[in-house]
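Residue numbers (the working numbering): 1 to 568.
From the three backbone atoms N, C-alpha and C, an ideal C-beta is built for every residue, glycine too.
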């Protein structure tokens with residue numbers, strides 16, 4: 001229904017427009033009391049305001065300004081008399097009707113202004129809705145960005161509640177969470193203070209809402225109103241909510257992702273929630289679920305890592321203690337066997353000498369396993385000592401070849417060396433490099449059948465010239481510059497291609513009859529790998545099953561990085 005307000009003193013004009021409005025089903029309110037205009041404008045919403053400029057008691061421009069000060073969007077049409085009027089009035093009015101307008105022209109003018117006002121109102125509403133939508137989208141974007149920036153569960157819930165508060169302007173938010181060691185926690189974010197009776201009612205309502213989610217299946221957590229831990233945040237504690245709060249409009253949603261349940265949330269608002277409010281509420285409640293899952297997994301990883309670190313420490317301590325405890329009786333056994341073999345305790349028979357020699361070999365083998373366990377334990381604990389100094393790689397090769405030549409002779413193996421002359425010295429711990437080469441050569445001897453050949457080769461290569469199987473790319477792409485490359489090639493059992501990378505894993509050994517026969521700790525190659533990494537070097541291998549293997553290690557010629565290590 002169109003509502004029109006007429007400001008006029010002339011009774012003929014009032015009667016004319018009253019009849020016109022009645023004939024066209026318009027509601028007309030008129031007043032000639034200038035003092036009442038302000039109260040009428042404030043109390044009523046009019047579609048049009050008609051102002052007669054032939055007012056004796058007041059200037060029409062002053063009335064127009066007063067009307068605009070009360071309601072700026074008022075549509076004012078001036079009823080122009082024969083006399084002139086203030087030209088400034090034109091700036092503030094929407095139309096003019098003169099005395100010579102007939103009824104049809106007056107109606108046309110009124111309708112045109114009504115349509116213009118309706119169009120402007122629609123545009124204003126559209127702009128308002130657009131602004132609200134943009135604000136919501138911005139709030140959702142900022143909340144999502146905050147979700148992505150943390151793995152702290154409490155922080156995630158705070159971001160969720162803050163995002164809902166900005167987008168919905170709720171009166172009360174009740175968030176049930178199980179993020180704190182699976183303890184039921186009720187977060188209350190309230191506009192006003194809540195009495196103890198209100199708190200009891202809210203706790204009971206929360207429990208009922210929670211249980212309603214699992215009517216046909218078992219709830220993931222057992223809760224009741226007595227075991228709920230409450231954290232309360234109140235914006236304006238001077239005011240207080242009463243039980244009429246439960247008559248407010250409300251929305252409820254679980255905070256869950258698939259089978260993963262993290263809690264639920266209910267919000268109350270004195271005004272009605274719109275459909276856009278509901279979409280925003282559901283979106284934010286769903287959005288927080290994924291980062292909560294990530295935070296839960298992250299926390300589990302942290303806890304698992306702590307347990308693994310503790311187990312690793314216990315394992316290292318166990319290995320160290322057991323190894324040291326074994327060394328003492330082994331030393332005593334070895335010394336006793338040496339005395340018996342020397343003949344100082346009486347004459348030896350061929351049979352006794354045979355068994356004593358076997359015992360000595362196995363004591364040496366067990367001692368080697370214990371040393372490997374101690375070495376890997378020291379390396380992993382960062383307690384392995386290194387003494388870097390200029391080293392000639394040929395000296396190390398000759399020493400290791402000489403030390404293991406007796407073992408090779410027992411299997412009629414021929415050890416050849418192909419050494420490049422005039423190789424530069426490198427900065428290294430000679431004892432550790434001897435240990436690396438000893439591991440490689442002793443493995444070659446172990447896994448090479450009798451009568452075959454083993455070749456040790458040394459050469460100078462640039463990193464661009466070094467070739468290696470593709471499975472070692474991630475390990476060796478860091479090589480840069482010149483390196484001394486040493487290789488140990490055998491004609492033994494070989495290794496399958498898919499096992500190449502795993503030969504440097506702890507306790508790994510290629511599973512075949514020969515490997516089971518020769519045994520070993522499975523720590524020689526992992527120790528060699530870590531010793532070489534301490535020298536900024538690398539180790540890799542290439543092999544063909546039943547045709548032999550070739551193990552390489554590379555040591556940098558540039559001593560600057562190693563020199564820095566030596567100075568630390």
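Quick check on residue 233: does DSSP put it in helix, strand or coil? strand
Quick check on residue 1: buried or exposed, where buried means 16 or more other Cβ atoms within 10 Å of its Cβ? exposed
Could you name the residues that DSSP lists as bridge partners for residue 428? 389
Should residue 236 go down as buried or exposed, given a rule of 16 or more other Cβ atoms within 10 Å for buried? exposed
I need the boundaries of the alpha helix (DSSP H) containing residue 21, first residue and last residue. 11-23
Between the beta-carbon of residue 48 and the beta-carbon of residue 27, is there less than 8 Å? no
Span of the alpha helix (DSSP H), counted from its first residue to its last, around residue 160: 153-168
For the beta strand (DSSP E) that contains residue 187, what are its first and last residues? 183-193
Rounded separation between residue 428 and residue 389 - CA only: 5 Å
Residue 94 in three-state terms, based on DSSP: coil
May I have the straight-line CA-CA distance separating residue 545 from residue 493, to the nearest angstrom? 6 Å
Same chain, Cβ closer than 7 Å to residue 295, neighbours up to 5 away in sequence not counted: 151, 152, 153, 156
Could you tell me the boundaries of the beta strand (DSSP E) in which residue 243 lies? Neither: residue 243 is in no beta strand (DSSP E) and is coded neither H nor E.
Helix, strand or coil: how does DSSP classify residue 331 here? helix
Please work out which residues of its chain come closer than 8 Å, Cβ to Cβ, to residue 119, disregarding the five sequence neighbours upstream and downstream, and give them in chain order. none
What would DSSP say about residue 350, mapped onto helix, strand or coil? helix
Considering only residues of the same chain and omitting the five flanking positions on each side of residue 339, which have a CB-CB separation below 7 Å? 345
Decide yes or no for the touch test of the segment 63-78 against the segment 35-52: beta carbon pairs closer than 8 Å, at least 3 of them. yes
Cα-Cα separation, residue 100 to residue 31: 23 Å
8 Å Cβ cutoff met for residue 450 and residue 400: no
Where residue 510 falls, given that 16 or more other Cβ within 10 Å makes a residue buried: Residue confidence is low: residue 510 scores 47 on pLDDT, short of 50, so the model does not pin down where it sits. Its coordinate-derived value is still stated next. By the neighbour-count rule (16 or more Cβ atoms within 10 Å), residue 510 is buried.
Does the contact criterion of 3 or more C-beta pairs under 8 Å hold for the segment 213-220 versus the segment 194-201? no
Runs of beta strand (DSSP E) wholly within the segment 418-490 (minimum 3 residues, chain order): 426-428, 453-462, 482-489
Range covered by the alpha helix (DSSP H) that runs through residue 66: 60-70
Considering only their Cβ atoms, is the gap separating residue 418 from residue 445 smaller than 8 Å? no
Beta-carbon proximity of residue 103 to residue 20, cut-off 8 Å: yes
Buried versus exposed call for residue 161 [16 or more other C-beta atoms within 10 Å across all chains shown]: buried
Counting C-beta neighbours from all protein chains within 10 Å, is the total for residue 514 16 or more, i.e. buried, or is it exposed? Its pLDDT being 40, under 50, residue 514 is placed unreliably in this model, and the value from its coordinates should be taken loosely. Counting Cβ neighbours within 10 Å, residue 514 comes out exposed, since fewer than 16 surround it.
Should residue 67 and residue 80 be called a contact, given that it needs their Cβ atoms to be closer than 8 Å? no
C-beta contact flag for residue 280 and residue 116 at 8 Å: no
Let me know if residue 358 comes out buried or exposed under the rule of 16 or more other beta-carbons within 10 Å of its beta-carbon. exposed
Do you know offhand how far residue 18's Cα is from residue 46's? 15 Å
For residue 228, does the three-state DSSP call read helix, strand or coil? coil
Within the same chain, show all residues whose beta-carbon is closer than 6 Å to that of residue 298, passing over the 5 residues directly before and after it, in chain order. 151
Over what stretch of residues does the alpha helix (DSSP H) that includes residue 499 continue unbroken? Note, residue 499: premise wrong, no alpha helix (DSSP H); not H, not E.
What residues match up with residue 552 in a beta bridge as DSSP calls it? 487, 540
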